[in-house]
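Below is one structure; the comments refer to it alone.
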Amino acid sequence: MTTQQNTMQANPYKGETPQNYEQKCPVVMVLDVSGSMGFPSGDSDDTTLIPIDEVNAGLKSFAQDVSADDIASNRLELCIISFGCDTRLEQDFELIKNIEMPVLETRGTTALVDAMYNAIERQEQRKQYYRSSAQHYYRPYIILITDGYPNEGQDVKGLAQRIGHDVEQKKYNFWPIGVTGADMEMLSSLACPGKGASLPAMKLTGTNFAKLFEYLSSSFVKISNSRDGENIDLAPDQNLFQVKV
Amino acid sequence: MAKHKKAHKNPWLVVGGSATGKAHLAKNTSCQDAFRNGRINRKWFISVVSDGAGSYEHSHWGSAFATKNAIAVFKELLKGERLLQGKSIPTAAQWRDMAITGLSFVYENMRFFAAEKDIHYKSLGCTIILAIYSSDAFLIAHIGDGRAAVKTGEDKWIPAMVPFKGEEMGETTFITSNATWYEASNRIGSRVIKQNIKAFALLTDGLESYTFVCNKKKNDSDSFYDPNQPFSAFFDHNTAWIQQLYSAGKTTRQIEDTLSSYLHDGHPAIAGEGDDKTIVMGALNT
């Protein structure tokens, strides 16, 4: 056998691949910035830890971790909606590698239901844009992180019905996450575990926001590297949550 | 090493390879793709690939059954078929009738198979790409996604099918989907390529980004489109490679093992793909 033959047999094609645009993976983070997020939590041993500071640090590290992955950085589009006494679009959909992360500040009460409806509307509008530009996309994710209970008078039941209907219709996946003080019964009523890639209501152990955002970034790197966003092992490495994922 | 004797050479060298995707390996899920090759008569050959639906529990059984059964069904269906004798080549309409008939038999057989296993037939959900070919024509039929390409007598790689894709990533139709049979005109693809054929490839969608130009932005526009253009560098190199291996005396089995190994970790980008990857490549023996 000649050297050329040996080389051919040992070296199949390792060359360039075609230049294809990446399909987009839209994620909406719905974040509680109510007044209680500005005070140390009773759960933490470190009484200097302020939840809102931890969330801001977590958002930055989330962006860095996802941006470090070649594929995820070109697929994941992030939208951030905050809620306190009102709801605010902090960051509209943008590729995560292009985002300068907003700094969230606490304000007032907990307009959770309004924020969730805003998130539902924003992801629907984003899908319309994808359709109009003939782009395939991953089913969107809505991630809710809260430490409390919605303002009195907000229709939680109605929201639960809406989320249940939408998830059943495969419009988006929903991950509800509670931190210290959160009403987990309320969050469980919103959750749709087992439908698509939706998860049960999860309560963060302590105020480990750093680990939470690390879990989120590694999950979304896996999801955006997959072909259909499903059938991925999303179990956290450590037991981050009091409810097992 | 013994070389293959020319007298015993088939007109075609056809090999396939599969590799479990990275995401499936992490979850300890077996490969849900399958492929199989066979022969209809002296002139016509058949190859099939199938991709099991990720979210369906028994889709690995589905794809394995579909590929094996499709070969058996089409061999029986086309036995003695005058349209595949001599120089005759079916028209597009004739092939479409044969293809839909054959695939409907595969679907019914999958339902019987599911009943025997006491499972719901939808849990076998999988796509299928089936090609029947000679050196002067390529007949293809498909349900679902994946890609196919042929190399013409002018040494040009052209696409052989248009995959069925929904809006969302991974969204497609399966042999077991009700909609496939209610909307067969939209959901079952078929085509006759009446040209000299020198080589071909069938592949599941886990490989499409690395082997086809399939997502481009239009100039001066925010719109995207799928050119469905085979990436000839990949196909030319790899069909030449399998021919070299065969000329060096490797058996089909050995070549397939080598090809599967290549899909697993032989190319840096393909190795990182989360989905299962399967390709069947055929080249005329010269």
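Chains as they are written, first to last, in the working numbering: chain A, 47 to 291; chain B, 13 to 298.
A virtual CB, placed ideally from N, CA and C, is assigned to each residue, including glycine.
Just so it is clear, the structure is predicted and the values come from calculations on it, not from any experiment.
- Here A:Q174 is exposed. Its C-beta has fewer than 16 other C-beta atoms within 10 Å.
- Taken through DSSP and simplified to helix, strand or coil, B:E128 comes out as helix.
- The beta carbon of A:G240 lies closer than 6 angstroms to none in the same chain, with the five residues before and after it left out.
- With a threshold of 7 angstroms between beta carbons, A:A180 makes contact with chain B.
- The beta carbon of B:G286 sits closer than 7 angstroms to the beta carbons of G33, K34 and A35 from its chain, once the five residues preceding and following it are set aside; these are given in chain order.
- Judged by DSSP in its simplified three-state form, A:E123 adopts strand.
- Residues of the stretch 211-242 of chain A with a C-beta atom less than 9 angstroms from some C-beta of chain B are K216 and G242, listed in chain order.
- Less than 7 angstroms separates the beta-carbon of A:D193 from that of A:M83.
- Residue burial is scored here from C-beta neighbours: B:Y194 has fewer than 16 other C-beta atoms within 10 angstroms and is therefore classed as exposed.
- If you draw a 10 Å sphere on the C-beta of B:D109, you find fewer than 16 other C-beta atoms in it, and that means exposed.
- Contact fails between the stretch 173-184 of chain B and the stretch 108-128 of chain B, because fewer than three Cβ pairs, one in each stretch, are under 8 angstroms apart.
- Within the same chain, and ignoring the five residues on either side of B:V61 in sequence, the residues whose Cβ sits closer than 8 angstroms to its Cβ are G28, D45, A46, F47, T79, I140, I141, G158, L214, L215, T216, T290, I291 and V292.
- In the structure shown, B:T164 adopts extended strand secondary structure according to DSSP, grouped into three states.
- Between A:K143 and chain B, the shortest Cβ-Cβ separation is not below 7 angstroms.
- Neighbours of A:S113 across chain B, judged by C-beta separation under 9 angstroms, do not exist; the nearest C-beta is about 17 angstroms away.
- With respect to A:I269, A:F220 sits apart: the two C-beta atoms are not nearer than 7 angstroms.
- Pairwise C-beta distances place the stretch 150-169 of chain B in contact with the stretch 224-242 of chain B, as three or more of them are shorter than 8 angstroms.
- Contact annotation: B:P239 and B:K228 have beta-carbon atoms nearer than 7 angstroms.
- Between the alpha carbons of A:S119 and B:A196 lies a distance of about 39 angstroms.
- Close partners of B:K91 in chain A (Cβ separation under 8 angstroms) are lacking, with about 37 angstroms as the shortest Cβ gap.
- Nearest in C-alpha terms to B:K168, of all of B:T263, B:Q207 and B:I83, is B:Q207.
- The straight-line gap separating the alpha-carbon atoms of A:P196 and A:K249 is approximately 16 angstroms.
- Using a C-beta cut-off of 8 angstroms, the stretch 246-266 of chain A makes contact with the stretch 96-107 of chain A, since at least three inter-stretch Cβ pairs fall below that distance.
- The Cβ neighbour count for A:R172, taken over all protein chains shown within 10 Å, is at least 16; the residue is labelled buried.
- From the listed residues B:L275, B:D248 and B:A281, the smallest Cα separation to A:E62 is found for B:A281.
- At a cut-off of 7 angstroms between beta carbons, A:P97 makes no contact with chain B.
- Taking a C-beta cut-off of 8 angstroms against chain B, the contacting residues of the stretch 261-272 of chain A are K268, N271 and S272, listed in chain order.
- With fewer than 16 other CB atoms across the displayed protein chains lying within 10 angstroms of its CB, B:P23 is exposed.
- Residue environment analysis places A:D115 among the buried positions, since at least 16 neighbouring C-beta atoms fall within 10 angstroms of its C-beta.
- The stretch 85-98 of chain B and the stretch 176-185 of chain B do not touch, with fewer than three beta-carbon pairs separated by less than 8 angstroms.
- The beta-carbon distance between B:L115 and B:A143, rounded to whole angstroms, is 13 angstroms. This is too long to meet the 8 angstroms contact definition.
- Taking 7 angstroms as the threshold, the shortest C-beta distance from A:P58 to chain B falls below it.
- In chain order, K34, H276 and D277 place their CB closer than 8 angstroms to the CB of B:A283, counting only its own chain and leaving out the 5 sequence neighbours on each side.
- A distance below 8 angstroms between beta-carbons, with the five flanking residues on each side excluded, links B:K230 to the following residues of its chain, in chain order: F236 and Y237.
- B:T263 counts as exposed, since fewer than 16 other C-beta atoms from the protein chains shown sit within 10 angstroms of its C-beta.
- With a beta-carbon spacing of about 34 angstroms, B:K210 and B:G178 fall beyond the 8 angstroms limit used to define contacts.
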